[in-house]
Each structure stands twice: as C-alpha cells, then as structure tokens.
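Residues in the sequence shown are numbered consecutively from 83, following our numbering.
Have a look at the structure below, then the notes.
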Amino acid sequence: MEAGEIASFLCSTFGLQNNKAPAFSKGCGSLRYITTPCGVFADIDKFNHTIVPVPTAQYGERLVFKLVVDGEICIRNRAGEQWLARGSLFLTTLTPGYEESFTSPGTLFAIACEKHRCQRIMPLLRRDNGVAMQLNHSDFQYLTQLINHYIDNGGKISSALSTVNSEMIIALLGEMLLQSPPPRQARLTARNHNIIAIESYISEHLHNPQLDANRVSEGVRLSVNYINRLLAEDNLSLMKLVWQRRLDEAKMLLQTPAMQHLQLAEIAWQCGFRSQSHFCQAFKKRFGATPKAVRAAHLD
Numbered sequence: 083m084e085a086g087e088i089a090s091f092l093c094s095t096f097g098l099q100n101n102k103a104p105a106f107s108k109g110c111g112s113l114r115y116i117t118t119p120c121g122v123f124a125d126i127d128k129f130n131h132t133i134v135p136v137p138t139a140q141y142g143e144r145l146v147f148k149l150v151v152d153g154e155i156c157i158r159n160r161a162g163e164q165w166l167a168r169g170s171l172f173l174t175t176l177t178p179g180y181e182e183s184f185t186s187p188g189t190l191f192a193i194a195c196e197k198h199r200c201q202r203i204m205p206l207l208r209r210d211n212g213v214a215m216q217l218n219h220s221d222f223q224y225l226t227q228l229i230n231h232y233i234d235n236g237g238k239i240s241s242a243l244s245t246v247n248s249e250m251i252i253a254l255l256g257e258m259l260l261q262s263p264p265p266r267q268a269r270l271t272a273r274n275h276n277i278i279a280i281e282s283y284i285s286e287h288l289h290n291p292q293l294d295a296n297r298v299s300e301g302v303r304l305s306v307n308y309i310n311r312l313l314a315e316d317n318l319s320l321m322k323l324v325w326q327r328r329l330d331e332a333k334m335l336l337q338t339p340a341m342q343h344l345q346l347a348e349i350a351w352q353c354g355f356r357s358q359s360h361f362c363q364a365f366k367k368r369f370g371a372t373p374k375a376v377r378a379a380h381l382d
C-alpha cells in the first residue's frame with residue numbers, strides 16, 4: 083500500500099490527515115476496505131501516526147465505529163482524553179480539536195456511516211462526545227471475524243446481500259454500545275479486564291528470570307506506558323508488580339511444609355531472581371524480615 087493511497091483514503095473517507103506532514107511516510111501501514119451504500123468498512127493494519135481533521139473537515143457529518151484489534155489508541159476531543167486498548171469498541175464523530183494517536187503500530191477496523199443509521203445511540207454520542215466499551219473475549223473474537231470476513235467477501239456477493247450484511251454489522255455495533263455500562267463503569271470494567279490479563283500473564287511466567295516490562299507488554303498487547311498508567315492508580319508500576327508477585331511466591335514457598343527441603347538459592351531461582359543475595363535483600367525490604375527468619379518463625 084502506497085503512503086499516498088492511505089493518506090487519500092483517510093482524507094476522503096474520515097476527514098483525517100497526519101498532523102505533522104501532508105502525507106504519510108513510506109511503509110506506514112496497510113489498508114483493506116470495501117465501500118457499500120451503508121458505509122465504508124476498513125481494516126487498517128500496522129498504523130503508527132497522530133491524525134487530526136483536515137482543514138476542510140465537515141464536523142459531525144459522519145459517524146465512525148472503531149474496533150481496536152491490536153495496540154492502543156489515544157483519542158482526544160472536547161470531552162478530554164480516552165485510551166482505547168485492544169478489544170475496545172468506540173463510536174465517535176469529528177469535532178474541533180479532535181486528535182487520534184497510535185502509541186505503537188496498531189491495527190483496527192474503522193467503519194464510517196451516516197448519522198441516520200445510528201439514531202438510537204445519538205443522544206449518548208452528543209452527551210459524551212464518544213461512546214466506548216471494552217468487549218469480552220468471545221464478543222471481540224466474534225466481531226473481528228465477522229468484520230474481517232465481510233471486508234474479504236463483501237465485494238464477491240450480490241449488492242443486495244452485501245447491503246444487508248453491512249446494515250446488520252452497523253446495527254450490531256450500535257446495539258453493543260447501547261447495552262454497554264455507563265461511562266465510569268465501562269472504564270472500570272475495561273481497567274479490571276486489563277489488570278486481570280496483566281496479572282495472569284505475570285503469574286504464568288513468574289519463574290522466568292527474563293520476565294521484564296517489555297515481555298509483559300508483548301504478552302498482553304498493551305504498551306508499557308499504558309500498563310504503568312493503569313497500575314499507577316494502585317501506586318504500582320509494572321516491574322514493581324512483577325517483583326511483588328515474585329516475593330509473594332517466595333514467601334508462600336518458605337511457609338509451605340512440603341517445600342522446607344528447598345534451599346534459599348533454589349527458591350530464589352524458582353521465583354525468577356538472578357541471585358540469592360538479590361532475593362534476600364528484596365525480601366527483607368518488602369517483608370521486614372529475612373527469608374530464613376520467616377521460614378523459622380513459621381516452623382515454630
């Protein structure tokens with residue numbers, strides 16, 4: 083896909099352009115799309131730019147659904163700033179000051195349609211300048227497969243069937259958002275969903291000494307900065323959480339009767355520490371006692 087073709091498509095379909103140059107750099111991403119009487123369905127892959135409305139943009143004329151398949155997007159508009167992680171479904175329209183940033187090469191489905199096709203959700207859109215929700219895993223998988231299949235095959239079927247399919251997808255996305263939790267609850271739900279994914283990944287790879295922020299980031303498909311922002315609400319950082327989990331695991335082993343045969347060096351290694359001395363120092367700092375003292379106190 084030529085950079086100029088992507089730039090032209092985003093300008094004509096979504097009224098957006100790169101905020102730093104008139105065109106996009108070579109190799110900035112790939113694009114698949116299909117145009118129907120109901121709207122434009124696009125799959126934008128490996129995209130990593132900040133885009134803003136073109137000078138001639140007609141604000142509020144078109145609605146755009148965005149489904150984040152990979153990476154994360156930061157949306158800024160009159161309502162403030164909103165981060166959309168993998169699995170986020172978002173409905174928006176262009177407003178003055180609108181800006182959309184990709185923190186890393188991201189993949190998303192973008193569907194542009196006329197306002198009259200989403201009348202039921204318009205009150206929410208006017209109130210919040212955007213409606214978002216975090217999809218559960220099953221819904222996310224279903225919608226990505228459905229939209230991907232339609233983009234691949236919509237041009238091969240009859241016009242009537244293609245129109246019905248596109249209407250169905252747009253209506254389905256609107257209904258999903260209508261049934262989503264209120265904004266605050268939705269943010270909490272999305273945060274909890276991501277926290278669970280992060281903690282699960284850490285638990286599964288806790289014994290790997292190579293486990294670091296980048297590995298966790300790649301494993302859960304969220305950037306390190308985004309994860310740190312989530313954890314900051316609990317006065318944590320990503321690596322602080324990793325070390326806490328390692329130390330908690332070590333303490334559990336020290337207090338488990340069946341594990342009393344393990345040497346401290348073995349426990350340190352099993353919990354991902356590179357050396358026994360590092361383990362002992364970190365353990366005492368967290369729990370206020372040495373590993374030997376904790377083991378002895380539990381045996382008493």
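Even for Gly, the Cβ is constructed at its ideal location relative to N, Cα and C.
On a predicted model such as this, the values are computed, not experimentally measured, just so you know.
In the DSSP annotation of this structure, the continuous segment of the beta strand (DSSP E) that includes residue 183 starts and ends at 181 to 184. With a cutoff of 8 Å on beta-carbon distance, residue 252 and residue 169 are scored as not near each other. Exposed is the label assigned to residue 224, since fewer than 16 other Cβ atoms lie within 10 Å of its Cβ.
Using a Cβ distance threshold of 8 Å, residue 190 and residue 148 count as a contacting pair. By the 16-neighbour rule on beta-carbons within 10 angstroms, residue 373 is buried.
When C-alpha distances from residue 164 are compared across 151, 152, 180, the shortest belongs to 180.
Just measuring C-alpha positions, the residue of 152, 98, 155, 123 sitting nearest residue 134 is 98. The three-state secondary structure of residue 135, taken from DSSP, is strand. DSSP places residue 353 in the coil class of the three-state scheme, outside both helix and strand. Excluding residues up to 5 positions away in sequence, 110, 111, 184, 187, 188 lie with their Cβ nearer than 7 Å to the Cβ of residue 129 in the same chain.
In the DSSP assignment, residue 300 falls within the alpha helix (DSSP H) that extends over 295 to 302.
Counted as a single uninterrupted DSSP element, the alpha helix (DSSP H) harbouring residue 328 occupies residues 320 to 336. Residue 125 counts as buried, since at least 16 other C-beta atoms from the protein chains shown sit within 10 angstroms of its C-beta. In this model, residue 87 and residue 236 are separated by some 21 Å (Cα to Cα). Taking C-beta atoms as the reference points, residue 215 and residue 145 fail to come closer than 8 Å. In chain order, 273, 276, 277 place their CB closer than 7 Å to the CB of residue 312, counting only its own chain and leaving out the 5 sequence neighbours on each side.
Only residues of its own chain outside the window of five on either side were considered, and among them 325, 329 have a CB closer than 7 Å to the CB of residue 364, listed in chain order.
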